[in-house]
């Protein structure tokens with residue numbers, strides 16, 4: 154499997170390009186913020202390996218993961234996949250930001266033409282399995298960072314974790330629709346139940362493995378998770 158990483162210049166959000174190999178179809182995950190957008194850098198990587206993009210996959214609706222969704226879908230006609238709870242953020246990403254948030258200040262310098270819902274959107278349900286670009290994908294709702302945050306397990310080999318799980322850390326829970334209790338439930342009931350062999354492709358930072366995070370991530374240890382309220 155071919156996995157390529159394009160790091161957005163703002164907030165260092167990881168955009169993942171995933172395919173079965175060179176000269177194949179691919180999916181593009183979380184195209185984030187750049188000037189004027191991230192499209193050119195994504196297409197450079199796509200063309201480098203002679204890939205054919207078939208879908209945009211969104212882990213959650215925060216603007217640093219979706220800013221280039223609309224321009225990318227205009228450049229290449231393809232469907233966008235997003236959870237039902239977070240779909241509204243494609244149209245109104247500011248609904249998930251704090252009033253004094255850095256992205257709101259940043260938008261004074263970025264184009265609002267990049268914000269909006271693409272013409273072809275598929276809402277994903279919890280535990281929905283589907284195939285795109287020859288890849289078997291299972292989407293799992295994992296609320297906490299946002300109410301509609303999703304994990305994507307690909308071919309039983311990779312886990313696209315968005316801002317749920319990072320190497321050694323987890324995503325923040327203090328933004329609108331975020332919840333620490335929901336995050337803890339997602340970590341305990343979903344992440345800890347996943348195969349140790351999964352390679353984790355996070356929304357920010359370096360790749361890791363589920364086995365490594367189970368062993369060393371402080372947010373996956375019992376002293377943190379045991380405070381979950383039933």
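Residue numbers (our numbering): 154 to 383.
Each residue gets a CB set at the ideal place from its N, CA and C atoms; glycine is no exception.
Keep in mind the model is a prediction, meaning the values are calculated, not measured.
Here the alpha carbon of residue 240 sits roughly 31 Å from the alpha carbon of residue 364. CA-CA distance, residue 366 to residue 346, rounds to 12 Å. Annotation for residue 371: 377 place their beta carbon closer than 7 Å to its own, counting only its chain and skipping 5 residues before and after. Collapsing the DSSP output to three states places residue 286 in coil. Note: residue 281 is bridge-paired with 292 in the DSSP secondary-structure output. Segment contact: the segment 285 to 300 against the segment 259 to 271, fewer than three CB-CB distances shorter than 8 Å; contact not assigned.
Residue 354: member of the beta strand (DSSP E) spanning 352 to 355, first to last residue. Residue 377: not part of any beta strand (DSSP E); member of the alpha helix (DSSP H) spanning 375 to 378, first to last residue. Using a Cβ distance threshold of 8 Å, residue 155 and residue 174 count as a contacting pair.
In the three-state reduction of the DSSP assignment, residue 305 falls in the strand class, which pools E and B. Between the C-alpha atoms of residue 305 and residue 266 there is a straight-line separation of about 28 Å. Under the three-state reduction of DSSP, residue 218 is assigned to helix. Here residue 177 carries a coil assignment [DSSP, helix/strand/coil]. Residue 286 is positioned such that its CB atom lies no closer than 8 Å to that of residue 187. Considering only 230, 327, 320, 355, the residue with the shortest C-alpha distance to residue 303 is 355.
Using a Cβ-Cβ distance cut-off of 8 Å, the segment 208 to 220 and the segment 179 to 193 are in contact, since at least three pairs of beta carbons, one from each stretch, lie closer than that value. Comparing alpha-carbon positions, the option among 278, 300, 272, 299 lying closest to residue 290 turns out to be 278.
Note on residue 189: under 16 other CB atoms within 10 angstroms of its CB, so exposed under the neighbour-count rule.
Here the alpha carbon of residue 233 sits roughly 24 Å from the alpha carbon of residue 360. Excluding residues up to 5 positions away in sequence, 159, 187 lie with their Cβ nearer than 7 Å to the Cβ of residue 194 in the same chain. Linking residue 248 to residue 329 through their CA atoms gives a straight-line distance of about 7 Å. With fewer than 16 other Cβ atoms inside 10 Å of its own Cβ, residue 245 counts as exposed. The C-beta distance from residue 192 to residue 228 rounds to 5 Å, short enough to meet the 8 Å contact threshold.
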